[in-house]
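**Q** Residue numbers (this note's numbering): 122 to 956. Supplied in structure tokens, the structure appears directly below.
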């Protein structure tokens with residue numbers, strides 16, 4: 122007997138898609154996996170995927186959800202659920218739905234998915250009889266659908282509800298055994314022994330529960346081998362829900378089962394790839410000019426799924442600047458018959474007007490004679506890829522804070538400009554701009570204010586930008602300005618001055634205005650080098666020279682700067698090595714009363730020990746301009762001085778106090794007041810034994826806001842403050858009144874001319890009178906002759922320091938010096954016991 126022919130997959134797909142009912146497949150969480158086209162139309166959706174992933178329960182209005190939930194729970198428990206309720210469509214059309222919910226099992230008999238068949242009963246929902254009729258129709262449709270979904274194999278069987286009357290078709294063709302009234306024993310006997318018990322138990326459980334049965338096992342084939350089969354049994358229920366018959370299908374799937382997992386993985390990868398790539402399909406009949414666009418393609422263009430396709434509509438959406446590309450593709454590119462040529466263009470979505478990037482691939486399909494008859498291909502939305510390309514380009518080429526070209530981009534622009542200048546015999550000017558004391562802005566006012574300053578500087582530089590000028594941020598507080606086709610040296614000096622003037626204007630911040638001072642280094646191509654990297658180095662050297670000259674200045678590169686750089690590198694290296702060895706040592710020079718009979722204290726002078734030699738600060742001034750080294754040397758000096766003072770104090774040496782000079786850098790990098798007081802406490806020394814000396818430079822460039830509070834704390838704690846090198850810098854008398862200064866030290870450059878220069882006499886006398894007038898005491902530095910001492914005595918100076926009293930000495934000599942001090946003779950020679 123011929124086996125019952127099983128419906129093909131295409132037939133099932135046709136049945137599924139052509140049904141006017143809304144058929145949905147859900148996962149066990151109730152989330153939509155797929156909906157047929159009839160359901161899409163009934164729900165007035167633009168695409169079957171519009172609700173994919175959403176929970177079916179949440180489709181319903183709140184008052185109807187409990188019924189839907191009960192139906193889902195029934196299916197999850199293995200039964201058949203039913204829900205009747207109100208659910209408006211996507212466009213708001215009110216509709217009533219009658220839904221049948223049934224489980225779908227996997228090969229192990231476990232419920233894997235849920236099938237929901239919903240029918241629009243809006244016109245008949247008021248009539249109970251009509252609803253019962255509709256329920257019967259839905260039940261019948263459900264039975265037919267489930268049967269067709271599973272009737273896809275070679276053996277089909279049917280039995281009554283008690284499984285007594287069994288009819289089988291296709292059994293003989295598969296097993297080779299004669300057709301007869303098959304019973305359970307015969308069926309089980311044909312199953313592989315290893316699978317028999319499992320199948321027996323799972324089938325009995327399913328039949329006893331009245332639920333669908335699904336299993337995979339090996340069944341003996343007519344060839345004698347065991348082949349994998351897929352066995353499905355479906356209960357068909359009457360209107361009262363009672364089982365009236367069973368239909369079963371056994372499908373040969375021996376080849377499929379071994380590759381099923383790989384196939385599922387491949388299909389999943391394909392599904393994800395298609396979804397992620399946003400692919401739409403297009404097709405053009407070259408004979409009729411008829412066009413077909415997939416739903417995905419229309420959605421990509423922002424069109425309704427029912428819109429009529431046309432070339433005019435497409436060109437209406439294509440960006441005007443890209444229409445030529447698309448026209449050429451339609452005319453020639455996509456008529457190629459090999460490969461898949463592609464074009465990239467922009468469109469404006471029909472619904473939102475949003476600009477999107479599209480990549481189209483296509484080629485021609487030819488007839489038997491080689492004549493093109495169709496042109497088809499794909500659209501892919503690559504907007505995210507394009508945006509990522511832009512972001513990556515910006516990340517690689519643009520400074521994120523100021524939006525200026527970054528160092529990488531500037532280096533490319535510089536090399537390009539040099540190549541152009543070489544070809545056209547032109548000059549280039551490279552300006553490196555650096556903000557003076559910018560780190561102090563970050564440290565004191567915070568990085569938010571620092572970022573605001575950087576953005577303001579970038580904005581001001583852009584305001585000066587011309588067609589032949591490139592502005593970039595190289596990093597930190599360093600900017601670059603590249604001027605092509607540069608003019609004369611005088612013109613470049615004017616350019617540099619204009620840059621400094623533009624940046625020196627106060628910048629408005631939340632707490633007021635901030636002075637922004639910049640220094641600038643200039644290097645010229647080809648005068649100073651023809652290599653871009655060397656040109657940058659030379660501009661940096663010029664910048665450093667400008668900073669050394671006093672900041673807020675510009676300097677042009679010259680060859681001597683490289684020698685200075687090498688010297689600076691050597692000094693910094695030697696100083697770092699000395700710091701690491703602990704070879705920063707203090708030497709002490711006494712300060713004596715002007716009468717010469719009393720030691721007021723000592724000043725600690727820094728020396729670097731290299732082997733058996735001692736090097737004075739004049740040889741390593743560069744190290745004091747390095748913030749890190751300056752702080753390290755200061756802290757090492759403080760530790761050594763405190764150790765010496767403690768030793769003298771414990772030995773009863775009456776040394777008075779020790780003055781220690783502090784640089785401006787230390788005020789900004791450490792809490793001077795807290796550090797000094799804490800270390801004095803740790804050493805067990807009174808604060809009166811330590812004196813702090815500052816030069817006029819610490820009050821410049823807006824440092825007063827940091828230095829002032831620290832000096833006040835120290836002064837109140839008993840540490841006296843001395844103003845060192847007065848008269849050599851740019852500090853005003855305001856600093857003497859504003860800060861707690863107790864001593865004023867006159868620089869040796871004035872003292873050395875006393876007695877030989879009337880102007881020097883007048884200046885020193887005026888300074889002493891001024892200091893006394895505001896309550897300060899005065900010490901003269903660099904006193905080397907008795908004449909100088911005599912003149913200072915006549916002017917009323919309080920104390921002096923210099924070779925006349927003693928040269929700087931190591932800590933070990935201080936106790937004996939104090940012990941043997943007997944003052945100065947009439948001729949100004951220091952007197953000690955034994956001399």
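No residue lacks a Cβ here, since even glycine has one placed at the ideal position from N, Cα and C.
1. Could you check where the beta strand (DSSP E) with residue 645 kicks off and where it finishes?
2. How many angstroms separate the CA atom of residue 580 from the CA atom of residue 422?
3. Nearest to residue 641 by alpha carbon, out of 530, 676, 627, 428?
4. Identify whether residue 270 lies in helix, strand or coil by the three-state DSSP scheme.
5. Between residue 785 and residue 934, what straight-line distance do the alpha-carbon atoms span, to the nearest angstrom?
6. Counting beta carbon pairs with one atom in the region 602-612 and one in the region 559-571, are three or more of them shorter than 8 Å?
7. Check whether the region 836-846 touches the region 795-814, counting contact only when three or more Cβ pairs, one atom from each stretch, lie closer than 8 Å.
8. Pull up the distance between the alpha-carbon of residue 331 and that of residue 357, whole angstroms please.
9. Would you list the one or two residues that DSSP bridges to residue 372?
10. Beta carbon of residue 931, beta carbon of residue 774: below 8 Å?
11. Do you know whose CA, among 206, 549, 444, lies nearest residue 245's CA?
12. Could you tell me whether the region 437-457 touches the region 514-532, where touching means 3 or more Cβ pairs closer than 8 Å?
13. I'd like to know whether the C-beta atoms of residue 727 and residue 707 end up nearer to each other than 8 Å.
14. Under a Cβ-count criterion, where at least 16 other Cβ atoms within 10 Å of its own Cβ denotes burial, should residue 674 be classed as buried or exposed?
15. What's the gap between the Cα of residue 583 and the Cα of residue 212?
16. Measuring alpha carbon to alpha carbon, tell me which of 235, 828, 597 ends up nearest residue 144.
17. For residue 831, which residues from the same chain have a beta carbon less than 7 Å from its beta carbon, with the 5 sequence-adjacent residues on both sides left out?
18. According to DSSP, residue 176 sits in a beta bridge with which residue or residues?
19. Compute the Euclidean distance between the alpha carbons of residue 182 and residue 363, then round it to the nearest angstrom.
20. I'd like the list of long-range same chain contacts for residue 604, defined as Cβ closer than 6 Å, with 5 residues on each side in sequence excluded.
21. At the level of alpha carbons, what is the spacing between residue 938 and residue 709?
22. According to DSSP, simplified to helix, strand and coil, what is residue 358?
23. For residue 338 versus residue 368, is the C-beta distance shorter than 8 Å?
24. Would you check if the region 372-387 and the region 468-487 touch, i.e. whether three or more CB-CB distances between them fall below 8 Å?
25. Which term fits residue 908, buried or exposed, when burial requires 16 or more other beta carbons within 10 angstroms of its beta carbon?
26. Kindly indicate which three-state DSSP category residue 469 falls into: helix, strand or coil?
27. By the 10 Å Cβ neighbour count, where 16 or more other Cβ atoms means buried, how is residue 812 classified, buried or exposed?
28. Looking at C-alpha atoms only, which residue of 348, 366, 513 is the closest neighbour of residue 374?
29. Taking just the CA atoms, how far does residue 790 sit from residue 734?
30. So residue 138 and residue 166 are supposed to be a Cβ contact under 8 Å. How far apart are they, rounded?
31. Find the nearest neighbour of residue 620 within the set 868, 243, 592, judged by alpha-carbon distance.
32. Enumerate in chain order the residues of its own chain whose CB-to-CB distance from residue 758 is below 8 Å, with the five nearest sequence positions on each side excluded.
33. Would you call the CB atoms of residue 910 and residue 925 closer than 8 Å?
34. Mapping DSSP to helix, strand and coil, what is residue 406?
35. Considering only the alpha carbon of each residue, which of 308, 353, 366 lies closest to residue 281?
36. Once DSSP output is grouped into helix, strand and coil, what is the label at residue 208?
**A** Based on what the coordinates show:
1. 639-646
2. 40 Å
3. 676
4. Because the pLDDT of residue 270 is 44, which lies under 50, any placement of that residue in the model is unreliable, and the number read from its coordinates should be weighed accordingly. Of the three classes helix, strand and coil, the one that applies to residue 270 here is helix, per DSSP.
5. 31 Å
6. no
7. yes
8. 10 Å
9. 351
10. no
11. 206
12. no
13. yes
14. buried
15. 52 Å
16. 235
17. 788, 793, 794
18. 152
19. 31 Å
20. 550, 590
21. 11 Å
22. strand
23. no
24. no
25. exposed
26. strand
27. buried
28. 348
29. 31 Å
30. With a Cβ gap of about 14 Å, residue 138 and residue 166 do not count as contacting.
31. 592
32. 705, 707, 725, 727, 781
33. yes
34. strand
35. 366
36. coil
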